[in-house]
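For reference, the structure is listed below as structure tokens.
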Amino acid sequence: MKSHLQELVKAALHDLHSAGVFDFELPENITIERARDRSHGDFACNIAMVLAKPARSKPRDLADKIVAHLPASEHLAEVSIAGPGFINFTMSPAAYHAVVGEALEAGEAFGRSDVGAGKRVQVEFVSANPTGPLHVGHGRGAAYGATVADLLAAVGFEVHREYYVNDAGRQMDILGTSVWLRYLELAGEELTFPVNGYKGDYIWDIAADLHREHGDTYRQLAIDVFNGIPVDEPAGGDKEVHIDALIMQAKKMLGEEGYLLFFNKALEVILSDIRKDLEEFGVVYEEWYPERSLVSSGKVDEAIEQLKKSEHIYEEKGALWFRSTDFGDEKDRVVVRDNGVKTYFASDIAYHWHKLARGFDRVIDVWGADHHGYVPRVKAALTAMGDKEDADKLDVLLVQFASLFRNGEKVQMSTRSGSFVTLRELREEVGNDAARFFYVMRKCEQHMDFDLDLAKSQSNDNPMYYIQYAHARVCSVLRQLDEKGLSYDRASGLANLQVLSESHEQDLLRSLSRYPEVVETSALNHEPHQLAHYLRELANDFHTYYNAHQFLVDDGALRDARLTLIQAARQVLANGLGLLGVSAPESM
RNA sequence: GCCCCGAUAGCUCAGCUGGAUAGAGCGUCCCCCUCCUAAGGGGAAGGCCAGAGGUUCGAAUCCUCUUCGGGGCACCA
């Protein structure tokens, strides 16, 4: 509907332009908005006020001219000029009735569009280090990223969902070493577990597996393992130095093969757990991209070479620095440490550089808001290696923290103790549907209070149940047809939509017609919450209608029309919930 | 100190990228099942859009400053 009106206004403007009324360039985009107030019609256009100045004309006079040049359209019932110079459009009943037919005919495809056709977009999200199970913070990134990706796909983009696996680097070494130490304990050694080691139960599980499979093959005496290792923090030492020394010790005592056994086992177990967790959450990826492959394929070195070519690299205090301040970063960044080890940032530069080389038109990263300081340096690197245009292809969406609330109190989370709330625990407690819905109900830059009790409650307090219930109610009504011995004929329903004269029916039709617009703006703005809010409004329209009128009436034509209308509503509810990764139950 | 995000009804939040009289839900109060699931619906009350300037036909929305929350400022990942 909206795009139709834009075409009409555009045509009128061109008409006026060629008639010589305007001597300036016509605007590319014409804003058409839904009128907030019904008395202003269905849509409003502010173009006359926008162009009043360049046209050296009063807004209302200009509006008069535009209206006079509007092409005729069967979808338009009325056009009027109001207020300071708004052009208000009222759509014809036929325009709304057409939506019902479209929704039923297109089915699951209704609401999809092709505005993104021909464009490839990559969405990278979650990408949590594979050092333990996903926790509730990752959950928000997962739900948000997956929904943004699905929305983009719905409006025609070719979407590539990717998980960057940080399977190289120090954190992974700490993980492998932690598993080995637990293995030693299971083998009967007594030792003091490092403060900085990973302490979760899952580490014990992995160690137990290895001990079962390999017995005491990799056992060493604790006294030997800790011999010469600088003391840990509780003993007055430095926990970082302590753990680094233990890693070196593990590598030395286990040999490359033995060390890799522990390292890879830990990685494999945890990664497959993460993968399973996400799959159960309805989140699937086209690709799991390992950091190790970047290193082994030489892409990290290539990236550093490329940076050197760009002459934004210098050496100082034995380290190699990228002069990111040339591109607006607040300080320069180390790429290769004085010990010759490349930083995580180096991998990340290579990774993002390679992303662009893979030919995506847009690259989206979904990050936790705590990584915001990282954005300027990554963009700086991309600018240095290519140009500003490359850097502009990267969109970093920062997701703020989510706090869980139970019984009105904040649930404390701590990774330190290893007793954090995992995504899996959350899913088991409130269900996948509620988790997916609640995570995207708020826009991503908003801090979120996740109310566990509300997510579980089966009442209209809970917006997800409210929406699902509307869907189930339509299904229930259709089931009653047989029981009541009544018939339904869709063709008759579509042909008789003009009998739907009740205000509740008008409201529902109006809401249904908005759906394609909502999907598009939600997708292009990366704002799934808009869709969530829309669905609540649509469900409200339906419930109100349900309470005010009987659908299974004796009048056949009216019954067919009403059932056709609510089936269109059911389709839109199902499609919208589907895009959010939430099920649309047929009965509740 | 610097950077990012937020501040809208008692509470949790929308507000369609600058539009017409600021909207929902919850909570409070009143009302609606001999009727397709009351897991529902209707109504009332509730606001100096944190504060102060600015930009223009027009500001909750854009800019500056201030105040208060949250997060971040490594040769960690």
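Numbering (my numbering) for the first sequence: -10 to 577.
Ideal placement from N, C-alpha and C gives every residue a C-beta, glycine not left out.
Item: Sort L371, G74 and D379 by Cα distance to S301 and report the nearest one.; Value: One point to set straight first is that residue 301 is His, not Ser, in the sequence displayed. The shortest Cα separation from H301 among L371, G74 and D379 belongs to L371.
Item: State the Cα-Cα distance for the pair S62 and Q487, rounded to the nearest angstrom.; Value: 19 Å
Item: Return yes when at least one heavy atom of the ligand ZN lies under 7 Å from the C-beta of I218, else no.; Value: This structure lacks the ligand ZN, and indeed carries no ligand of any kind.
Item: Just grab the DSSP bridge partners of C34 for me.; Value: I21 and I76
Item: Could you give the C-beta distance for V258 and I195, rounded to a whole number, given that I count them as a contact under 8 Å?; Value: 5 Å
Item: Can you tell me where the beta strand (DSSP E) holding M595 begins and where it ends?; Value: The requested residue 595 is not part of the displayed model; the chain covers only -10 to 577.
Item: Less than 8 Å between the beta carbons of V184 and P219, yes or no?; Value: no
Item: Can you give the Cα-Cα distance for G247 and H124, rounded to whole angstroms?; Value: 30 Å
Item: Quick test of your reading: G100 and A143, contact by CB under 8 Å. State the CB separation rounded to the nearest angstrom.; Value: 7 Å
Item: Would you decide whether Y534 is buried or exposed? Buried here means 16 or more other CB atoms lie within 10 Å of its CB.; Value: buried
Item: For a test of the three-state rule: what should DSSP assign to V214, helix, strand or coil?; Value: helix
Item: Between which two residues does the alpha helix (DSSP H) containing R101 stretch?; Value: Where R101 is concerned, there is no enclosing alpha helix (DSSP H), given that its DSSP letter is neither H nor E.
Item: Between the C-alpha atoms of A24 and L40, what's the straight-line distance to the nearest angstrom?; Value: 20 Å
Item: The alpha helix (DSSP H) with P279 in it runs from where to where?; Value: Where P279 is concerned, there is no enclosing alpha helix (DSSP H), although the beta strand (DSSP E) it sits in stretches over E276 to P279.
Item: Within 10 angstroms of its Cβ, does M237 collect 16 or more other Cβ (buried), or is it exposed?; Value: exposed
Item: Would you call the CB atoms of G357 and G121 closer than 8 Å?; Value: no
Item: According to DSSP, what are the bridge partners of E606?; Value: With the chain represented from -10 up to 577, any question about residue 606 goes unanswered, as that position is not in the structure.
Item: Can you give the Cα-Cα distance for N514 and F334, rounded to whole angstroms?; Value: 28 Å
Item: Going by beta-carbon coordinates alone, are V10 and C34 separated by less than 8 Å?; Value: no
Item: Can you tell me whether H200 is buried or exposed? The criterion is at least 16 other CB atoms within 10 Å of its CB, across all chains shown.; Value: buried
Item: Go to V112, then tell me how far its beta strand (DSSP E) extends in each direction, as first and last residue.; Value: R109 to E113
Item: Assign I263 to buried or exposed, taking buried as 16 or more other Cβ atoms, counted over all protein chains shown, within 10 Å of its Cβ.; Value: buried
Item: Closest to K344 by CA distance: which of F182, L65 and R150 is it?; Value: R150
Item: Using only the alpha-carbon positions, how far apart do Q209 and L283 sit?; Value: 34 Å
Item: To the nearest angstrom, how far is the alpha carbon of A292 from that of R416?; Value: 40 Å
Item: What are the partner residues of Y303, as DSSP defines its beta bridges?; Value: W310
Item: Hey, quick one: how far does the alpha helix (DSSP H) through L547 stretch, first residue to last?; Value: G545 to L568
Item: Figure out for me which residue from I21, Q447 and N396 has the closest Cα to the Cα of M577.; Value: Q447
Item: Which class does Y187 belong to by DSSP, given the choice of helix, strand or coil?; Value: coil
Item: Can you give me the Cβ contacts of Y133 inside the same chain, cut-off strictly under 8 Å, excluding the 5 residues immediately before and after it?; Value: F114, V355, L386, V388, Y428, V429, C433 and P517
Item: Rounded to a whole number of angstroms, what is the C-alpha to C-alpha distance between T600 and K240?; Value: With the chain covering only -10 through 577, there is no way to say anything about residue 600.
Item: I'd like to confirm the pairing. Which residues does DSSP put opposite R152 in its beta bridges?; Value: Arg is not the amino acid found at residue 152; the sequence shown has Tyr there. BP columns for Y152 point to W277.
Item: Whole-angstrom Cβ separation of F394 and D440, contact assumed at under 8 Å?; Value: 5 Å
Item: CB G271 to CB G570, shorter than 8 Å?; Value: yes
Item: Mind checking which residues open and close the alpha helix (DSSP H) that includes L267?; Value: K228 to E269
Item: Any idea what DSSP makes of G165, helix, strand or coil?; Value: helix
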